[in-house]
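Down below is the structure, laid out as structure tokens.
Residue numbers (this note's numbering): -18 to 212.
Here it is, written out as structure tokens:
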């Protein structure tokens, strides 16, 4: 039997009240933060994946998301556990609707490791989230593009997604802006062409320019050019 009570004790033992106050300020509307730092949650997730509390498959079957830390932990464990792609995609499918904030979404996406041979399977898998109704389901699709698919073979598809995806929701808009800014750093010419001809709303477009200008990898002259493109 999976030792969930021991897992909860480990979470409690790593609570940092000062961090709770700080991190809570970054996550408006998330009211169940205990105050455990992400590196500590990673350590616990690795323990789960190697079986320290019992079979990780039983852990996933429990689907307990009682706190922000438990949701973060569940997502990270999906990335660390050793299983085949079919099993992992099942866990991802179960988890994405549970995501309720940008931090869990972004850390979860960044922690997934995609092997080259599985790349197309993952790409087809995330497409359904571009048309999802939930704000964080759509952000999941966007951040997966940002984390794993900013390459020349996908770049035009990425811009198409940015144009057609339902942008209702602040965290969708900001995810798109972040995605476009990273595309600009890696593929300036393609992205500049897109910025000159796109279907973005003014808020998302201007936030994209802002994110580009905040990048340390963009030179001063280019930043001046980008500033002058504001709508």
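We put the beta carbon where it would ideally sit given N, CA and C, even for glycine.
From the options, residue whose alpha carbon lies closest to that of residue i
| i | options | result |
| --- | --- | --- |
| residue 163 | 191, 152 and 181 | 191 |
| residue 139 | 36, 24 and 165 | 165 |
| residue 20 | 208, 92 and 113 | 92 |
| residue 89 | -13, 51 and 108 | 51 |
| residue 268 | 137, 107 and 185 | Examination of residue 268 is not possible in this model, given that the chain is present from -18 through 212 alone. |
| residue 69 | 55, 49 and 81 | 55 |
| residue 7 | 209, 203 and 152 | 152 |
| residue 81 | 49, -4 and 3 | 49 |
| residue 150 | 198, 182, 63 and 108 | 182 |
| residue 72 | 46, 42 and 83 | 42 |
| residue 2 | 64, 33, 18 and 63 | 18 |
| residue 47 | 27, 12 and 74 | 12 |
Test item: CB-CB of residue i and residue j under 8 angstroms
| i | j | result |
| --- | --- | --- |
| residue 14 | residue 58 | no |
| residue 40 | residue -17 | yes |
| residue 180 | residue 161 | no |
| residue 168 | residue 133 | yes |
| residue 0 | residue 16 | yes |
| residue 104 | residue 76 | no |
| residue 25 | residue -9 | yes |
| residue 211 | residue 187 | yes |
| residue 111 | residue 86 | no |
| residue 148 | residue 136 | no |
| residue 66 | residue 99 | yes |
| residue 34 | residue -11 | no |
| residue 45 | residue -15 | yes |
| residue 78 | residue 115 | yes |
Unbroken alpha helix (DSSP H) run spanning residue i, endpoints
| i | result |
| --- | --- |
| residue 90 | 83 to 92 |
| residue 155 | 151 to 167 |
| residue 12 | Taken as a continuous stretch (DSSP letters only), residue 12 belongs to no alpha helix (DSSP H), as it is neither H nor E. |
| residue 199 | It is not in any alpha helix (DSSP H) - residue 199 carries neither H nor E in the DSSP assignment. |
| residue 104 | 100 to 111 |
| residue 233 | No statement about residue 233 is possible, as the shown extent of the chain runs from -18 to 212 and does not include it. |
| residue -15 | -15 to -6 |
| residue 211 | First-last for residue 211: undefined, no H or E at that position. |
| residue 142 | 136 to 145 |
| residue 95 | It is not in any alpha helix (DSSP H) - residue 95 carries neither H nor E in the DSSP assignment. |
| residue 182 | No alpha helix (DSSP H) holds residue 182; DSSP gives it neither H nor E. |
| residue 2 | -2 to 5 |
Assess contact between the region 143 to 153 and the region 165 to 174, defined as three or more Cβ pairs (one per stretch) separated by less than 8 angstroms. Is contact present? As far as the Cβ criterion goes, the region 143 to 153 does not touch the region 165 to 174, which means the pair count is below three.
Within the chosen definition, does the region 58 to 70 reach the region 120 to 132 through at least 3 CB pairs nearer than 8 angstroms? Cβ pair count under 8 angstroms is below three, so no.
To test your reading of the DSSP string, which unbroken alpha helix (DSSP H) runs of 4 or more residues are found completely within the region 22 to 65? 37 to 43 and 49 to 61
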